Amino acid sequence: DAKTTQPNSMESNEEEPVHLPCNHSTISGTDYIHWYRQLPSQGPEYVIHGLTSNVNNRMASLAIAEDRKSSTLILHRATLRDAAVYYCILRGPTSGTYKYIFGTGTRLKVLA
Amino acid sequence: NAGVTQTPKFRILKIGQSMTLQCTQDMNHNYMYWYRQDPGMGLKLIYYSVGAGITDKGEVPNGYNVSRSTTEDFPLRLELAAPSQTSVYFCASSSLGSGRSETQYFGPGTRLLVL
Numbered sequence: 019d020a021k022t023t024q025p026n027s028m029e030s031n032e033e034e035p036v037h038l039p040c041n042h043s044t045i046s047g048t049d050y051i052h053w054y055r056q057l058p059s060q061g062p063e064y065v066i067h068g069l070t071s072n073v074n075n076r077m078a079s080l081a082i083a084e085d086r087k088s089s090t091l092i093l094h095r096a097t098l099r100d101a102a103v104y105y106c107i108l109r110g111p112t113s114g115t116y117k118y119i120f121g122t123g124t125r126l127k128v129l130a
Numbered sequence: 347n348a349g350v351t352q353t354p355k356f357r358i359l360k361i362g363q364s365m366t367l368q369c370t371q372d373m374n375h376n377y378m379y380w381y382r383q384d385p386g387m388g389l390k391l392i393y394y395s396v397g398a399g400i401t402d403k404g405e406v407p408n409g410y411n412v413s414r415s416t417t418e419d420f421p422l423r424l425e426l427a428a429p430s431q432t433s434v435y436f437c438a439s440s441s442l443g444s445g446r447s448e449t450q451y452f453g454p455g456t457r458l459l460v461l
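These protein sequence lines are chains A and B, in that order. For what it's worth, my numbering labels the leading residue of the first sequence as 19, then goes sequentially. For what it's worth, my numbering labels the leading residue of the second sequence as 347, then goes sequentially.
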């Protein structure tokens, strides 16, 4: 299965941008990059996904390297409510058609 | 629109007891999934279903059984509870399980403690 590597934890000050990195050097050309986050005591929730081009939505932006071996989730202004575990997941033939490989993610701490 | 609902929220079982974790979705999704999450770890897939009457094993199926008689419901059965099954269980659904860009919607989870 294609794997991702993320830092175990990161800290950010409130209202500052946060850049959460993810390495996926074994990504295949048909794998999508998904990001989910898990707030304390809740199930994961979808954040954003992309294939090759950078993507923006109301929650975040996803910057994908040109060689697609890494990506960065960008929270433009972190709030206390963004404190969560963020998972970077590959989804495609190399990750298995029906499963997400979650890994341990990055625990984001937001400081007031 | 309730999304994905799970019951119970919390349960304590004795070793050897059995129980069923309930999962219901009202989004008419064809794909449904069961995950477990041990403390400090990511989620691991137990079983999944691509439609009513069709189920298949995930990464960690031992000790569990599932059934899918309707589109809406996907119960998870523990027959002989063991301490190793102490975990938080999440149910999820999606509209296109084989589509690489589909989004999974998760329930709030069931916390299970086996003593």
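Glycine included, C-beta positions come from ideal geometry on N, C-alpha and C. On a predicted model such as this, the values are computed, not experimentally measured, just so you know.
Check, Outcome
"Same chain, Cβ closer than 7 Å to B/LEU458, five either side skipped, listed in chain order", "ARG357, LEU359, GLN431, THR432, SER433, TYR435"
"The beta strand (DSSP E) enclosing B/SER440, as first and last residue numbers", "433-440"
"B/ASP384 (DSSP reduced to helix, strand or coil)", "coil"
"Proximity to A/PHE120 [Cα-Cα], best of A/GLU32, A/ALA101, A/VAL128, A/GLN56", "A/GLN56"
"For A/PRO39, three-class secondary structure by DSSP", "strand"
"Bridge partners - A/SER30, DSSP secondary structure assignment", "A/VAL128"
"Expected contact under 8 Å - CB spacing of A/GLY61 and B/GLY386 to nearest Å", "At roughly 16 Å, the Cβ-Cβ gap does not stay under 8 Å, so A/GLY61 and B/GLY386 are not in contact."
"Selection from B/GLN368, B/TRP380, B/PHE420 that minimises the alpha carbon distance to B/ASN408", "B/TRP380"
"Secondary structure, beta strand (DSSP E): runs of 3+ residues fully inside the region 355-417 of chain B", "356-359, 365-371, 377-383, 389-397, 400-403, 410-412"
"Where B/SER444 falls: helix, strand or coil (DSSP)", "With a pLDDT of 49 at B/SER444, under the threshold of 50, the predicted position of this residue should be treated as unreliable, though the coordinate-derived value follows. In this structure, B/SER444 counts as coil in the three-state DSSP scheme."
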